[in-house]
Amino acid sequence: MTSSIRLFFAAALGDAAREALERACQTVRGDVPFARWTHPADYHATVKFIGDVDPSLVDALAAPVRDAVAGFAPFELSLGGFGTFGRSRAAPDILWCGVAGGTDELRALHARVDAAAASCGVARDTRPFRAHITAARKYRGDAPFAAHASLLAALAPAPSPWRVEEFVLYRTNFGARPAYEALHRFPLG
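Here it is in structure tokens:
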């Protein structure tokens with residue numbers, strides 16, 4: 459039996475944006491205790507999370523996704539401020555950096571990729587799309603997370619705009635750092 463692999467589609471950050479986010483994360487890392495910080499080479503703006511699937515889906519997804527984004531114009535994104543996801547505001551699961559600029563374009567790209575993936579049997583997203591870049595996971599502080607809010611607001615990364623000219627189907631290699639491996643690239647334009 460073949461084991462499953464974890465897949466997702468994402469737009470990689472430009473060099474200046476990746477460096478700005480890395481600097482911001484290094485600045486707050488000592489004061490804001492999270493269990494795992496994202497490796498800078500793994501920073502990305504998620505387009506569509508696929509999840510754990512049979513490896514045969516990798517090639518099955520390529521053609522419908524390529525067709526769905528044919529003619530989709532490149533667009534510009536930039537970094538926003540920090541925020542969190544999770545069941546608890548006191549101890550959030552995810553620290554993220556917001557995405558600004560072409561969020562309408564990113565949302566439209568998500569809708570096309572979501573529909574194309576559904577044609578291959580992947581479940582459609584039921585929650586609203588929220589553009590973000592995961593910076594860290596699993597808050598481990600003794601104080602409620604709100605104690606760090608003003609620090610995070612003051613130390614948000616510089617906007618550092620970049621042009622999204624392609625997006626990528628990535629595989630997660632658990633235990634590796636960096637953890638994400640590009641399997642297919644989808645040029646825009």
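Read in order, the letters of the sequence shown correspond to residues 459 to 647 in this note's numbering. We put the beta carbon where it would ideally sit given N, CA and C, even for glycine. As the structure is a computational prediction, the values presented were derived from the model and not from experiment.
- Using a Cβ distance threshold of 8 angstroms, Leu471 and Tyr501 count as a contacting pair.
- Counting only the Cα atoms, Asp489 lies some 16 angstroms from Ala548.
- Collapsing the DSSP output to three states places Ala493 in a strand.
- Contact between Arg621 and Phe587 is ruled out by a C-beta separation of about 20 angstroms, above the 8 angstroms threshold.
- In the displayed model, Phe467 falls within a strand according to three-state DSSP.
- Residue pairing by DSSP places Leu553 opposite Thr542 and Ala594 in a beta bridge.
- Annotated three-state conformation of Asp525 is helix, per DSSP.
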